[in-house]
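Asks: I'd like to ask some things about the structure below.
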Amino acid sequence: MRAAAVAWLPKGLGRNQAAERPFYTFLLKVASRCNLDCSYCYVYRGPDQSWRHRPQFMSREVATLAAGVIAAHVVEHEVEEIALVFHGGEPLLAGPERLNEYCQIVRSTIPAKVEFGLQTNATLLNEQLLDVLANNHVSIGISLDGGAPENDLNRRTFDGSGSYDLVVKALALLRSRPEWSRLFGGFLAVVDLQNDPHSVYDSLVSLGIRSLDLLLPDSHHDAPPVRPLGDQGLTAYGQWLSRFFDCWVDGGNEIEVRYFEEIMALLLGGSSSLEAIGAKSVDIIVIETDGDIEAVDTLKMVGRHVTNLGLNVAKNSIDDALEHPAVYSRMLGYAALCDTCQNCPDLDYCGGGYVPHRYGHGNGFLNPSVYCADLRYLISHIRTRLQPYLTAARTSLPRPS
Amino acid sequence: MEPVHPNAKEGGTEDDVFDLKVIDPGKIDNQVLRAALERIRERCLPDPHVSYYTKHSSHSRYSKGW
């Protein structure tokens, strides 16, 4: 089944209703394999097994083609600054020479300021890689789910041992020189209800972080998240996140927890900078190791029928992606959501949640998030906790002139 | 900038409105929330659309490497 058969948006809506705009974030899958075997991985444990047929690494030729189409896109749309994120699989498997070459190709080809990033499990970090990343100003995000008991529950090597000790060793190396240490952006942690939020928070904070982000497990209506039975289970993830929110607010550590700050921003009339929260247009596009262009790589949790756009950098432009409903549906904002979401009082704060979480085989993406009740619980909790602080901090409301 | 908070647009009373424009983070006695609100204001004000692209050009779970 091709993507066109999937309900991405309500009937009657099309590309001409989308607030079309350029892409600013380019996710380059530079390695299609990983050295870890995480139990929840949407790539290797998911239904889209296309990674088996892709090159292990993005070749120089594909990287050059990718940089070329990105360059054409930024010129066409007069984009002055982009973010380019190396991703995998495990991008460090590409090694220092390839990563350095990718950066050079991008810099010499794309006529815009490029902010490089890299999302990694960190276990392969070494001095040579860190020198390359530092020389090219590549910021590093590290996937870690908590302390050893929490992290090693799911994030394991192929021999079954936990990855926590390897990550901590890599962190020590990362922090051993100022020019390396400043590359560290923060942790990305996946929620697991088996873990205690207090323990996860304390463990991550004890590693001396500045910021972290939380991810709900990759799930959708056909593959729903594991929940406890009974009414309490209906909002179990919302309760878990709310407890983590309380740890953060009451913990006294001035770290950034992005997921919560985005919800706070939306509650206060601001905008979200996360694609998982809020209904704003999305400006990210993914390029695989073989040059295939995809809308969102986490759609792999749904299946190949939603990831395969039939586009490749060898024969298509980035603008061609704007013509696919998988892409322009995300530029429709609220209009792309189902009736239930559009009539929900919390719509402004969750925006329907993360796109893959909405999927179900009957209605495609025209469903509330499989985490809808959790999101509403969390939003209510944050609103309640904020209110007394905001009441004390309120200044006069500006009047229209 | 247009009023941005839905409560302001939907006829809520002034007491219902908690808008970034009317919150002074300096008056918040919780250091975590104060720092968070200062970051949010820096990102979203005075114009969320301008600051969004010029200061935070990426907005995914992957942005800035994470």
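Protein chains in written order, with our numbering: chain A, 1 to 401; chain B, 1 to 66.
Every residue, glycine too, gets a C-beta built ideally from N, C-alpha and C.
Since the model is a prediction, treat every value here as computed from it, not as a measurement.
If you follow the beta strand (DSSP E) that Ile142(A) is in, where does it begin and where does it stop?
Replies: First-last of the beta strand (DSSP E) with Ile142(A): 138-143.
Asks: Could you list the residues in the region 374-395 of chain A with a C-beta less than 9 Å from some C-beta on chain B, going in chain order?
Replies: Within the region 374-395 of chain A, the qualifying residues are Arg383, Arg385, Leu386, Gln387, Tyr389, Leu390, Thr391, Ala392, Ala393, Arg394, Thr395.
Asks: May I ask you to list, following chain order, the residues of the region 110-136 of chain A that have a beta carbon less than 9 Å from some beta carbon of chain B?
Replies: Correct list: Lys113, Glu115, Phe116, Gly117, Leu118, Gln119, Thr120.
Asks: Specify whether the region 348-365 of chain A and the region 269-284 of chain A touch according to this definition: at least 3 beta carbon pairs, one from each stretch, less than 8 Å apart.
Replies: Taking 8 Å as the limit for Cβ pairs, the verdict is that the region 269-284 of chain A does touch the region 348-365 of chain A.
Asks: Would you say Glu288(A) and Lys29(A) are within 8 Å of each other, going by their C-beta atoms?
Replies: Against a cut-off of 8 Å, the Cβ pair of Lys29(A) and Glu288(A) comes out as a contact.
Asks: Which complete alpha helix (DSSP H) runs does the region 273-314 of chain A hold, if anything under 4 residues is left out?
Replies: Listed in chain order, they are 304-307.
Asks: For a test of the three-state rule: what should DSSP assign to Gln119(A), helix, strand or coil?
Replies: In the structure shown, Gln119(A) sits in a strand (DSSP, three-state: E or B).
Asks: Return the bridge partner residues of Val257(A) from the DSSP annotation.
Replies: For Val257(A), which the question treats as bridged, DSSP gives the partners Leu212(A).
Asks: Report the residue from Thr109(A), Ile105(A), Asn121(A), Cys103(A) whose alpha carbon sits nearest the alpha carbon of Leu93(A).
Replies: Ranking Thr109(A), Ile105(A), Asn121(A), Cys103(A) by Cα distance to Leu93(A) puts Asn121(A) first.
Asks: Return the Cβ separation of Leu124(A) and Val286(A) in integer angstroms, given the expectation that the two are a contact with Cβ distance under 8 Å.
Replies: Going by Cβ atoms, the distance from Leu124(A) to Val286(A) rounds to 22 Å, so no, they are not a contact pair.
Asks: Met264(A) versus chain B: which residues are under 9 Å apart at the beta carbon?
Replies: Result: Leu33, Ala36, Leu37, Ile40.
Asks: Could you tell me which uninterrupted alpha helix (DSSP H) segments, each at least 4 residues in length, are contained entirely in the region 43-128 of chain A, listed from first to last along the chain?
Replies: Listed in chain order, they are 60-76, 95-109.
Asks: By alpha-carbon positions, which one of Asn343(A), Gly14(A), Arg155(A) ends up nearest to Asn35(A)?
Replies: Nearest of Asn343(A), Gly14(A), Arg155(A) to Asn35(A), Cα basis: Arg155(A).
Asks: Taking all protein chains shown into account, do 16 or more other C-beta atoms lie within 10 angstroms of the C-beta of Cys33(B), making it buried, or fewer, making it exposed?
Replies: Note that residue 33(B) corresponds to Leu in the displayed sequence, not to Cys. By the neighbour-count rule (16 or more Cβ atoms within 10 Å), Leu33(B) is buried.
Asks: List the whole-angstrom C-beta distance separating Phe327(A) from Asn253(A), where the pair is believed to meet the contact cut-off of C-beta under 8 Å.
Replies: With the sequence shown as reference, residue 327(A) is identified as Val, and Phe is not the correct amino acid for it. With a Cβ gap of about 39 Å, Val327(A) and Asn253(A) do not count as contacting.
Asks: Applying a beta-carbon distance threshold of less than 8 Å, which residues of chain B neighbour Asn253(A)?
Replies: Here the neighbours are Val32.
Asks: Using 8 Å as the threshold, is the C-beta distance between Tyr102(A) and Thr298(A) below it?
Replies: No.
Asks: Tell me whether the beta-carbon of Asp24(B) lies closer than 8 Å to the beta-carbon of Ala265(A).
Replies: Not a contact, by the Cβ cut-off of 8 Å.
Asks: Looking only at its own chain, which residues have a Cβ that is under 7 Å from the Cβ of Ile209(A), when we skip the five neighbours before and after it?
Replies: Excluding residues within five positions, the ones whose Cβ falls inside 7 Å are Gly186, Phe187, Ile255.
Asks: Rounded C-beta distance between Ala63(A) and Ile105(A)? I'm assuming under 8 Å.
Replies: Yes, Ala63(A) and Ile105(A) are in contact; Cβ-Cβ is about 5 Å, under 8 Å.
Asks: Could you check what DSSP says for Ala335(A) in three-state terms: helix, strand or coil?
Replies: It is helical.
Asks: Which of the three DSSP states, helix, strand or coil, is assigned to Val190(A)?
Replies: Note: Val190(A) maps to strand in three-state DSSP.
Asks: Buried or exposed: where does Tyr334(A) fall if 16 or more other Cβ atoms within 10 Å of its Cβ makes it buried?
Replies: The residue is exposed, with fewer than 16 neighbouring Cβ atoms inside 10 Å.
Asks: Along the chain, where does the alpha helix (DSSP H) that runs through Thr384(A) open and close?
Replies: Its alpha helix (DSSP H) spans residues 372-393.
Asks: Which residues in the same chain have their Cβ closer than 7 Å to the Cβ of Ala66(A), if we skip the five residues on either side of it in sequence?
Replies: Once the five neighbours on either side are set aside, the close Cβ partners of Ala66(A) are Leu28, Ile287, Gly291, Val313.
Asks: I'd like to know if Leu268(A) contacts chain B, where contact means its C-beta is closer than 8 Å to some C-beta of that chain.
Replies: Chain B contact via Cβ: present.
Asks: If we call anything under 8 Å between Cβ atoms a contact, is Tyr237(A) one with Asp374(A)?
Replies: Contact flag set, yes.
Asks: Following the continuous alpha helix (DSSP H) through Leu204(A), name the residue where it begins and the one where it ends.
Replies: First-last of the alpha helix (DSSP H) with Leu204(A): 197-206.
Asks: How about Val249(A): is its C-beta nearer than 8 Å to some C-beta of chain B?
Replies: Answer yes: the Cβ-Cβ gap between Val249(A) and chain B drops below 8 Å somewhere.
Asks: In terms of alpha-carbon separation, which member of Arg385(A), Leu337(A), Arg383(A) lies closest to Ala7(A)?
Replies: Selected option, being the one with the closest Cα: Leu337(A).
Asks: Use the C-beta contact count for Ser143(A): other C-beta atoms within 10 angstroms, 16 or more gives buried, fewer gives exposed.
Replies: Ser143(A) should be labelled buried.
Asks: Taking beta-carbon pairs under 8 Å, can you tell me which members of the region 149-164 of chain A lie near chain E?
Replies: Among the chains of the structure shown, chain E does not appear; the protein chains present are A and B.
Asks: So Glu256(A) contacts chain B; which residues on that side make the cut at Cβ distance below 9 Å?
Replies: Residues of chain B passing the Cβ test: Ala35, Ala36, Arg39.
Asks: Cβ of Ser139(A) within 8 Å of Cβ of Leu183(A)?
Replies: Yes, the pair counts as a contact, with Cβ atoms nearer than the cut-off.
Asks: DSSP three-state label for His221(A), please.
Replies: Coil.
Asks: Measure the C-alpha to C-alpha separation of Ile263(A) and Thr395(A) and round it to an integer number of angstroms.
Replies: Cα-Cα distance, rounded: 21 Å.
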